[in-house]
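Q:
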Amino acid sequence: MNILTVTDLTKTYGRGNAAINALDGVSFTVPKGQFVAIVGASGSGKSTLLHLLGGVDRPTSGTVTIDGQEIFDMNESNLAIFRRRNMGIVYQFYNLIPTLTASENIMLPFLLDGRKPSDATLDELLQTTGLTNRKDHLPSQLSGGQQQRVSIARALVNKPAVILADEPTGNLDSKAGGLIVELLLLANKRYGQTIVLITHDEKIALQADRIITLSDGKILSDEELFVRTVHTRSEAEEAEVGFTPTVAAGFGAEPHSNNEVVA
Ligand code: ADP
Ligand code: MG
């Protein structure tokens, strides 16, 4: 089943001589549970595509269907609700609310709906992301890597149909960035979460199921990777990272069916 269908998507900024075709007729589908990396040079249209998939911006033409719903058929307020309930979006600069604690930021998609996640859900997310003893800290009291882990937990709290991440490791050192990728892989494996990840780090892209390359607003190539690269931590890295997101029960129980996992 395709969780995401993109049909002939175009986005033009500006008019006349100044018009820029940031996206130019992009079409693809993503089956449920796939981990897709989007790569391409700066200015190739990656962020524009992600904003449209997330319904953050509207296209010039074309459609985006998520879990059977054509998202641009909805008005702004219905789209905002749909986005909150069905999509998790992770940005390079975290986009946390500075006046809310880590756990309040994580619960935000629920709080905006006048609901609260169960304590078990919140505890599991805090544990998985290594934030249990940081849950009452404000974003300003957290490192960049910790803030990004908060934003990943926030993206996961609703168990959304799709997680969209725009260069989530772009502002982090390789250790903190590696942990973010591990969490996304964990979400993909443990929760069967569909993920669309923009990155310009080839090592990260090679951990996905599929790599779509954009060039000048068009799809240049679209390749499935049948052997997923798995990064295994050394003992030294393990000690430095301080916690292991993979210890919780269930992780790795269902390796991706299309892939032969290699160490
Ligand atoms: P990428 O994320 O791959 O670097 P973007 O999607 O940000 O690329 O940008 C694609 C093209 O669209 C670029 O030429 C960029 O300058 C242009 N662009 C992006 N956002 C806007 C905007 N709000 N107004 C005008 N041009 C934009
Ligand atoms: Mg970008």
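Numbered by the working numbering, the letters in the sequence shown go through residues 1 to 263 in order.
C-beta atoms are modelled at their ideal positions from N, C-alpha and C, and glycine is treated no differently.
Just so it is clear, the structure is predicted and the values come from calculations on it, not from any experiment.
1. Restricting to runs no shorter than 4 residues, where is the alpha helix (DSSP H) found entirely within the region 8-76?
2. I need the DSSP call for A208, collapsed to helix, strand or coil.
3. How would you label P59, buried or exposed, when you count the other beta carbons within 10 angstroms and need 16 or more for buried?
4. For the alpha helix (DSSP H) containing E124, name the first residue and the last one.
5. Distance check for G33 and G192, CA to CA, integer angstroms please.
6. How long is the line joining the alpha carbons of V6 and S27, rounded to whole angstroms?
7. Do you know how far the Cα of E182 is from the Cα of V247?
8. Between G114 and R83, which are expected to be in contact by the criterion C-beta below 8 Å, what is the C-beta distance as a whole number of angstroms?
9. Note down, in chain order, each residue of its chain lying with its Cβ closer than 6 Å to the Cβ of G252, except the 5 sequence neighbours on either side.
10. How far does the alpha helix (DSSP H) with E104 in it reach, from first residue to last?
11. Please state whether DSSP places V6 in a helix, a strand or coil.
12. Determine the burial state of E223: buried for a count of at least 16 other Cβ atoms within 10 Å of its Cβ, exposed for fewer.
13. For K175, count the other beta carbons within 10 Å of its own beta carbon; 16 or more makes it buried, fewer makes it exposed. Which is it?
14. So, T10 versus G217, is the Cβ gap smaller than 9 Å?
15. Let me check understanding here. Comparing Cα to Cα, which of A18, L23, D8, G16 lies closest to S215?
16. So, for A155: in the same chain, excluding its five sequence neighbours on each side, which residues have a beta-carbon less than 6 Å away from its beta-carbon?
17. Any idea which residues DSSP pairs D166 with across the strands?
18. When you compare only the Cα positions, how much space is there between Q148 and V196?
19. For S118 and E124, I'd like the C-alpha separation in whole angstroms.
20. State the beta-bridge partners of S221 as determined by DSSP.
21. So, is Y94 buried or exposed, given that buried needs 16 or more other C-beta atoms within 10 angstroms?
22. Just how far apart, CA to CA, sit N158 and F110?
A: Looking at the atomic coordinates:
1. Along the region 8-76, the alpha helix (DSSP H) occurs as fully enclosed runs of 4 or more residues at 46-53, listed in sequence order.
2. coil
3. buried
4. 119-128
5. Going from the Cα of G192 to the Cα of G33 covers about 5 Å.
6. 5 Å
7. The predicted position of V247 is uncertain, since its pLDDT is 34 and thus under 50; no value can be drawn from it.
8. Contact doesn't hold; Cβ gap of about 17 Å is too wide.
9. Since pLDDT at G252 reaches only 31, below the 50 mark, its modelled position is unreliable, and the value read off the structure follows with that caveat. Within the same chain, no Cβ atom closer than 6 Å to the Cβ of G252 is found once the five residues on either side in sequence are excluded.
10. 102-111
11. V6: strand per DSSP, three-state reduction.
12. exposed
13. The Cβ neighbour count for K175, taken over all protein chains shown within 10 Å, is under 16; the residue is labelled exposed.
14. yes
15. For the options A18, L23, D8, G16, the alpha carbon positioned closest to that of S215 is the one of L23.
16. G88, V90, I163
17. I198
18. Rounded to the nearest angstrom, the two C-alpha atoms are 16 Å apart.
19. 10 Å
20. T213
21. buried
22. 8 Å
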